Amino acid sequence: MAATTTITMNDMTATARPRHGMGFYPFVTLAAALMGTNALAIDSMLPALPQMGEALGIAEANQRQWIITAYLLGFGVAQIVYGTLSDRYGRRPVLLAGLAIYVVASIAAAFAGSFEAMMAARVLQGIGAAATRVLVVSIVRDCYAGREMARVMSLAMIVFLAVPILAPSIGQAILWVAPWRWIFGLLTVFGAFLMVWVFIRLPETQHPQDRKPIDPASVLGAFRTALTSRIGVGYMLAMAFMLGGLFGFINSAQQVFVDVFHTPELFTTIFALIALFMVAASLLNSRIVGRLGMRRVSHGALIGYIGFTSVHALVALTGHETLWIFAILQGAAMFCFGLIGPNFGAMAMEPLGHVAGTASSVQGFVTTVVGALLGFFIGQHFDGSVVPLTMGFALCGIAALATVLIVERGRLFHPAPGRG
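Per the numbering used here, the very first residue in the sequence shown carries number 10; after that it's consecutive.
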């Protein structure tokens, strides 16, 4: 499809007309499904962690968290490569290659007979899924900009967030009728379905003039651009801190419901309810971001996030935690997170459209690896209470706010001239 661009002269957040050859909502659905490969590969595991640990000889409960963290590290590290490859060869072939790796790794994980084999398969699975994270952001940035990009990402996240709502229940349902290895069978089928969908429906979206050869000067130049943008780097680091808290929750969630509240039967239900708060926030963001702007929405949500998580930490420290207090305060924090994530991501990418692939890779690498390590650190401090988790959430939020204040030179809510 020929590239067609429309620029509104009185709007500095002008958008590029879609070049994806699909209707708006089918495009959003595909983007969400591609993003869902990651969430499905994480959250569907959670109910099965005890069975997987027993089958693979993992004696200590906290060590089972490696099944999540190994995937996240592969997912994070590989992103640094996909951007450069997609800037050279285009989005579509690199995306198809990543999905193929994801399918092969899912098959390998299904047949893993040892902890080491599972770790290798999970790292490889994360490497394949990393293509979806980098390429979805790059493809969206190819076709949209500014507040319209934030709207697309918010709508995609509404569909995408149905995955963490449903994935633990799907994993649990599989366990009721089949061994845990069939969870990886589901991932295999899902990855293969997306390969066919992309192959048939998604054309190349990269602007021809943005195609870059793989040579040291070009690669280093793109990385330098991505790493010297004050806005890009600042919001990337702030998002990394936010993900640290989220990954800490994912690592500890199954243990919290079993060892703290002794209600494993409610795990999938309350986990889904908490995720619903994120869905509601993403829907709200898609409706208000165009009017209020990304900074007003995300900065206000970040302050709310710190407030809710600090109260939660205080409740836990004073020994007043109950299951429903946990669910309500965690849900409130995730509502704020849902208003932060799409806007931080869009603001980080906004000045980097001409190196979108590399920028998406760098940002994905940093946010995922730093977030995974912070989340693993929080998860490894699980001690039979929710104190480490709630403290981790609050401290990560404070670190994100400090980063935003530095980036914005102490000014919150108000965009710099020409930015939203």
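In this text, a Cβ means the ideal position worked out from N, Cα and C, and glycines have one as well. Remember, it's a predicted structure, so these values are computed and weren't measured experimentally.
Contact between T412 and F250 holds: their C-beta atoms lie close to 7 angstroms from each other, under 8 angstroms.
Your pair F266 and T272 checks out as a contact, with CB atoms roughly 6 angstroms apart and the cut at 8 angstroms. Here the C-alpha atom of L382 lies approximately 24 angstroms from the C-alpha atom of Q60. In this structure, G347 lies near A290, with their beta-carbon atoms less than 8 angstroms apart. T93: member of the alpha helix (DSSP H) spanning W75 to Y98, first to last residue. Excluding residues up to 5 positions away in sequence, A403, G406, I407 and L410 lie with their Cβ nearer than 8 angstroms to the Cβ of I315 in the same chain.
When C-alpha distances from T78 are compared across S261, F335, S370 and M287, the shortest belongs to S261. When DSSP states are grouped into helix, strand and coil, R418 belongs to the coil group.
By the neighbour-count definition (other C-beta atoms within 10 Å, threshold 16), F120 is an exposed residue.
If you check the CB distance, A48 and A176 come in under 8 angstroms. By the Cβ test, the stretch 354-364 is in contact with the stretch 238-254, since at least three Cβ pairs between them sit closer than 8 angstroms.
Here DSSP, grouped into helix, strand and coil, assigns L211 to coil. By alpha-carbon distance to G380, the top candidate from E213, Y80 and A114 is Y80. E125: member of the alpha helix (DSSP H) spanning F124 to C152, first to last residue. With contact defined as three or more Cβ pairs closer than 8 angstroms, the stretch 133-147 and the stretch 85-92 are in contact. Of all alpha-carbon atoms in G45, V113 and V161, the one lying nearest the alpha-carbon of Y34 is that of V161. Secondary structure at T327: coil, using DSSP grouped into helix, strand and coil.
By the neighbour-count criterion, in which 16 or more other beta carbons inside 10 Å mark a residue as buried, L323 falls on the exposed side. Considering only S147, V113 and A126, the residue with the shortest C-alpha distance to G66 is A126. The Cβ-Cβ distance between G340 and L282 falls below 8 angstroms. By the Cβ neighbour-count rule, G92 is buried, with 16 or more other Cβ atoms within 10 Å of its own. Rounded to whole angstroms, the Cβ separation of V145 and L43 is 5 angstroms, and the two are in contact under 8 angstroms.
In this structure, A40 lies near A165, with their beta-carbon atoms less than 8 angstroms apart.
Q215 is positioned such that its CB atom lies closer than 8 angstroms to that of G99.
Sequence-distant Cβ neighbours of G309 in its own chain, meaning closer than 6 angstroms and more than five residues away, do not exist here.
Look at A119 here: in three-state DSSP terms it is helix. With a threshold of 16 other beta carbon atoms within 10 Å, V298 meets it and is buried. Cβ contact annotation for S115 (same chain, cutoff 7 angstroms, sequence separation greater than five): Q134, F193, L196, T197 and G200, in chain order.
C-alpha of W191 to C-alpha of G62: approximately 16 angstroms in a straight line.
Counting along the chain, E359 sits inside no alpha helix (DSSP H), nor does DSSP assign it H or E at all.
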